[in-house]
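Residue numbers (UniProt numbering): 1 to 72.
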């Protein structure tokens, strides 16, 4: 799913200079795609991961601290 979108973006920018700007465009477009998947509920955060990183927005599920294992 995400890999296919990445490949589509690479194909879209084919012929463009391989510059930092072009790479940032691809990364930004991919980030927006992943955020959309999260908001649409097609993918979700792994709440059991050791590190909770909500850089794409906070999860839409309710949970309490007892559901998150202590990481020391």
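We put the CB at the ideal spot given by N, CA and C, even for glycine.
In angstroms with no decimal places, state the Cα-to-Cα distance between residue i and residue j.
i: residue 43; j: residue 16; result: 31 Å
i: residue 2; j: residue 22; result: 18 Å
i: residue 5; j: residue 33; result: 8 Å
i: residue 46; j: residue 26; result: 25 Å
i: residue 18; j: residue 24; result: 10 Å
i: residue 28; j: residue 35; result: 11 Å
i: residue 39; j: residue 13; result: 26 Å
Could you please give the first and the last residue of the uninterrupted alpha helix (DSSP H) stretch that includes residue i?
i: residue 38; result: 20–40
i: residue 46; result: Where residue 46 is concerned, there is no enclosing alpha helix (DSSP H), given that its DSSP letter is neither H nor E.
i: residue 52; result: Taken as a continuous stretch (DSSP letters only), residue 52 belongs to no alpha helix (DSSP H), as it is neither H nor E.
i: residue 13; result: It is not in any alpha helix (DSSP H) - residue 13 carries neither H nor E in the DSSP assignment.
Hey, would you say residue i sits closer than 8 Å to residue j, going by beta carbons?
i: residue 30; j: residue 9; result: yes
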